[in-house]
Amino acid sequence: MRFGTALRKEWLEQLRSYRLLITAVVLTLFGLLSPLIARYTPDIIRLALPQGEEITKLIPPPSAVDSVAQYLKNITQFGVLLALLMAMGLVAQEKDKGTAALMLSKPLGRSAFLLAKFCSLALTFTLSIVLAGAAGYYYTLVLFGPMDLGAWLGLNALVLVFLLVYVSLTLLCSTLTRSQVLAGGLATGVWMALSLLGALPGIGDYSPRQVIGWATALGAGSLETHWPALGLSLALIVGGLAGACAIFNRQEL
Amino acid sequence: MTAVRIEGLRKTFGRVKALDGLSLAVEAGSVFGFLGPNGAGKTTAIRILTGLARAHGGQAWLDGIEVTSRGGRRAASRLGYLPQDPAFYPWMTAAELLDHVGRVFGLSAGERRSRTAELLKLSGLEEAARRRVGGFSGGMKQRLGIAQALVNRPPILLLDEPVSSLDPFGRKELLDLIEGLRGQCTVFMSTHILADVERVCDTVGIIDRGRLVVQSPKKELLEKYAAPVFEAAADRGQEKALKAWVEGLIMSPPPWLNSAALTEELTARLLVNDLEAAKRELPHLLVRSSLVLTRYEMVRPSLEDVFLKLVKEGGGRT
Numbered sequence: 000m001r002f003g004t005a006l007r008k009e010w011l012e013q014l015r016s017y018r019l020l021i022t023a024v025v026l027t028l029f030g031l032l033s034p035l036i037a038r039y040t041p042d043i044i045r046l047a048l049p050q051g052e053e054i055t056k057l058i059p060p061p062s063a064v065d066s067v068a069q070y071l072k073n074i075t076q077f078g079v080l081l082a083l084l085m086a087m088g089l090v091a092q093e094k095d096k097g098t099a100a101l102m103l104s105k106p107l108g109r110s111a112f113l114l115a116k117f118c119s120l121a122l123t124f125t126l127s128i129v130l131a132g133a134a135g136y137y138y139t140l141v142l143f144g145p146m147d148l149g150a151w152l153g154l155n156a157l158v159l160v161f162l163l164v165y166v167s168l169t170l171l172c173s174t175l176t177r178s179q180v181l182a183g184g185l186a187t188g189v190w191m192a193l194s195l196l197g198a199l200p201g202i203g204d205y206s207p208r209q210v211i212g213w214a215t216a217l218g219a220g221s222l223e224t225h226w227p228a229l230g231l232s233l234a235l236i237v238g239g240l241a242g243a244c245a246i247f248n249r250q251e252l
Numbered sequence: 000m001t002a003v004r005i006e007g008l009r010k011t012f013g014r015v016k017a018l019d020g021l022s023l024a025v026e027a028g029s030v031f032g033f034l035g036p037n038g039a040g041k042t043t044a045i046r047i048l049t050g051l052a053r054a055h056g057g058q059a060w061l062d063g064i065e066v067t068s069r070g071g072r073r074a075a076s077r078l079g080y081l082p083q084d085p086a087f088y089p090w091m092t093a094a095e096l097l098d099h100v101g102r103v104f105g106l107s108a109g110e111r112r113s114r115t116a117e118l119l120k121l122s123g124l125e126e127a128a129r130r131r132v133g134g135f136s137g138g139m140k141q142r143l144g145i146a147q148a149l150v151n152r153p154p155i156l157l158l159d160e161p162v163s164s165l166d167p168f169g170r171k172e173l174l175d176l177i178e179g180l181r182g183q184c185t186v187f188m189s190t191h192i193l194a195d196v197e198r199v200c201d202t203v204g205i206i207d208r209g210r211l212v213v214q215s216p217k218k219e220l221l222e223k224y225a226a227p228v229f230e231a232a233a234d235r236g237q238e239k240a241l242k243a244w245v246e247g248l249i250m251s252p253p254p255w256l257n258s259a260a261l262t263e264e265l266t267a268r269l270l271v272n273d274l275e276a277a278k279r280e281l282p283h284l285l286v287r288s289s290l291v292l293t294r295y296e297m298v299r300p301s302l303e304d305v306f307l308k309l310v311k312e313g314g315g316r317t
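From first to last, the protein sequence lines are chains A and B. For the first sequence, numbering that gives the first Met the number 0 gives the first residue as 0, with consecutive numbering after it. For the second sequence, numbering that gives the first Met the number 0 gives the first residue as 0, with consecutive numbering after it.
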């Protein structure tokens, strides 16, 4: 009920609260820096360390694959951090301050209220990754030569899915409590739990972390796939949202 | 026609019974004062009516729609609601907030524009229309709160302590506004400020410990329940003596006395339950007290006297 109206408000809030700007700037910055770091790390080591010359002889010359690996490492680490920070107060803060009660006493559905929050943040991350991806592709092209554009688009899509898992789960945590600090703590716990599970043999193949493994393989030109991990990630996104809606619809405000 | 109907509403928080079988009915077009001391259950009842909280028993209807059932959300479009401490998105301007609320109610662009302008004028926020709500004072937020509650021209307006954070000037303005809504919509207003209820409400319901103590048209309530009141005003410099005299009465009350209290105007206010005995004995008591008086009279009882009497008795069911 009134999803469009709720989404419009959320999108305006993304703009006015600088959430979009911050996310776009941080991720684009890493999109720009990653190829530069990959390209110039051997030079930095050579110039900065006393035995740098010898060490750099042991390192293979940097390539586009290193640039992609650097990009994925930075974007996923800071992306997850941003997902947690941006989503942890989305519902908890509105419940605590009373704005949720004011708006939800009107003909605005609770599920629409929640889904609009997810969609606006998903849009923020999509735009930010488009910018970061364009920046990363351009600098990789300049510094290392051409890359497979299809693979680049595919790996960025996988990064987006990976980050949306954390947006969805953090939104679920934010629905559970009135405190955004507690919501942030819960979401951090979920992040750590998923990271630990991802390291376990067998179970790790299904972990959202393996979606980034797939993205890395795409960047390296490998045909390796991780469909179970992608499936589970999509299930976590949908499940997180469904759980948040089910809980929120039963809550008193 | 009944606009608000509540039957046997129950709600508990742990062991505390916030609502203990509350029942009442409010006629359409009236300004209903929902009175009660702090913690009586007023806000809980209003939150159930808005669908923000669930009842543990009983039923409630708004405009014939049962809000305590699954389909209760349908009533939201017929409702205007001002919470006790209205909170808004601080990054929105006042005009944007009213426009957003208009969108939630499905108003067209033209309707939203005209309604926003109309309500900004009505709430005295025309000059602050383009200012962000985050910088508003408490009074301005309260006025914006009433404006947003009126966006959909609601048949039923639920106001939870609407004037509690306003200065006397803002309070008067808001009460005038509420008074102006009489006949246009049903106003259900919770408060513990009796003077405000006495001024604007035509029907009063008194709630205590989650139960309705009494519900009646204000005039009938005053006639039926208000025992006579005597006031004795003392001269300046008599503060201590007057206080001691009132305390003495409270400590060992004569049988005809219901309650005694000191007002801010150096006046003792005595609620009596036996008018003839009080008329006979009170002047003697005053003479014996040697107080220097400037006034002694029997006055019209106020709603406050009725409220205190009924809540003190904890009974008086209709």
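Ideal Cβ placement from N, Cα and C applies to all residues, glycine included.
Contact set between residue i and chain B, taken where Cβ atoms lie within less than 8 Å
i: Ser127/A; result: Here the premise fails: no neighbours, minimum Cβ distance about 20 Å.
i: Gly88/A; result: Per Cβ cutoff of 8 Å: no residues; Gly88/A is ~13 Å from chain B at best.
Beta-carbon neighbours of residue i, restricted to chain A and to distances below 7 Å
i: Arg53/B; result: Glu251
i: Thr320/B; result: For chain B, the structure presents residues 0 to 317; residue 320/B sits outside this window and is missing.
i: Thr49/B; result: Ser104
Cross-chain neighbours of residue i in chain A, by beta carbon under 9 Å
i: Ser76/B; result: Lys105 and Pro106
i: Ala127/B; result: The contacting residues do not exist; Ala127/B stays about 18 Å from chain A at best.
i: Tyr295/B; result: What Tyr295/B touches in chain A: nothing, since even the nearest Cβ is about 49 Å away.
Sequence-distant residues of its chain with Cβ nearer than 6 Å to residue i (five each side left out)
i: Arg259/A; result: Nothing can be reported for residue 259/A, as the shown portion of chain A is limited to 0 through 252.
i: Ala27/B; result: Met0, Ala2 and Thr185
i: Lys8/A; result: none
i: Ile249/B; result: Ala259
i: Gly197/A; result: Gly203, Ser206 and Arg208
Neighbouring residues, chain B, relative to residue i (Cβ below 9 Å)
i: Ser16/A; result: Trp90
i: Glu12/A; result: Tyr88, Trp90 and Met91
i: Thr174/A; result: Result: empty, since nearest Cβ-Cβ is about 16 Å, beyond 9 Å.
Chain-order list of residues whose beta-carbon lies under 8 Å from that of residue i (same chain, five-residue window excluded)
i: Leu103/A; result: Arg109, Phe112 and Leu252
i: Glu52/A; result: Arg45
i: Leu296/B; result: Looking at the sequence shown, residue 296/B is not Leu but Glu. Excluding positions up to five away in sequence, the list reads Phe229 and Glu230.
Cβ neighbours of residue i in the same chain (closer than 7 Å, five flanking residues each side left out)
i: Ala100/A; result: Leu252
i: Ala134/A; result: Thr27, Gly30 and Leu31
i: Gln13/A; result: Leu19, Ser119 and Thr123
i: Leu159/A; result: Phe124, Thr125 and Ile128
i: Leu274/B; result: Pro227
i: Ala241/A; result: none
i: Gly315/B; result: For Gly315/B, the predicted model reports a pLDDT of 40, less than 50, meaning its position is unreliable; a value from the coordinates is still stated below. So the qualifying residues of the chain are Val212, Val213, Tyr224 and Leu309.
C-alpha gap between residue i and residue j, whole angstroms
i: Gln250/A; j: Pro207/A; result: 30 Å
i: Val271/B; j: Ala74/B; result: 45 Å
i: Pro106/A; j: Ser76/B; result: 6 Å
i: Lys140/B; j: Arg46/B; result: 20 Å
i: Ser258/B; j: Val132/B; result: 46 Å
i: Leu20/A; j: Asp84/B; result: 32 Å
i: Phe12/B; j: Asp19/B; result: 11 Å
i: Ala39/B; j: Val15/B; result: 11 Å
i: Ser16/A; j: Gly101/B; result: 22 Å
i: Gly203/A; j: Leu61/B; result: 54 Å
i: Met0/B; j: Leu34/B; result: 22 Å
i: Leu120/A; j: Arg181/B; result: 44 Å
i: Glu6/B; j: Leu81/B; result: 23 Å
i: Ala44/B; j: Leu156/B; result: 14 Å
i: Thr185/B; j: Leu285/B; result: 47 Å
i: Asp166/B; j: Ser136/B; result: 11 Å
i: Arg69/B; j: Gly50/B; result: 10 Å
i: Val79/A; j: Ala68/A; result: 16 Å
i: Leu235/A; j: Val203/B; result: 53 Å
i: Glu238/B; j: Leu281/B; result: 19 Å
Pair within 8 Å by beta-carbon distance, residue i and residue j
i: Gly88/A; j: Ala182/A; result: yes
i: Ala115/A; j: Phe2/A; result: yes
i: Gly254/A; j: Leu217/A; result: Summary: the structure shown does not reach residue 254/A, with chain A confined to residues 0 through 252, and so no result is reported for it.
i: Ala146/B; j: Leu173/B; result: no
i: Glu54/B; j: Gly209/B; result: Here the sequence assigns Ala to residue 54/B, which means Glu is not the residue at that position. Contact flag unset, no.
i: Leu292/B; j: Asp234/B; result: yes
i: Ser122/B; j: Glu160/B; result: no
i: Ala214/A; j: Met146/A; result: no
i: Lys217/B; j: Leu158/B; result: no
i: Phe161/A; j: Thr224/A; result: no
Within chain B, partners of residue i - CB distance below 7 Å
i: Arg1/A; result: Val103
i: Lys94/A; result: In chain order: nothing, as chain B lies at least about 10 Å away.
i: Thr98/A; result: Ala86, Phe87 and Tyr88
Whole beta strand (DSSP E) elements within the segment 60 to 112 of chain B, 3-residue minimum: If we require 3 residues or more, the beta strand (DSSP E) runs fully inside the segment 60 to 112 of chain B come out as 78 to 81.
What runs of the beta strand (DSSP E), each 3 residues or longer, lie entirely inside the segment 236 to 290 of chain B? Segments of the beta strand (DSSP E) lying fully in the segment 236 to 290 of chain B: 256 to 262 and 266 to 271.
Any alpha helix (DSSP H) of 4 or more consecutive residues that is wholly inside the segment 47 to 126 of chain A: Whole alpha helix (DSSP H) segments, 4+ residues: 51 to 57, 63 to 86, 91 to 96 and 98 to 103.
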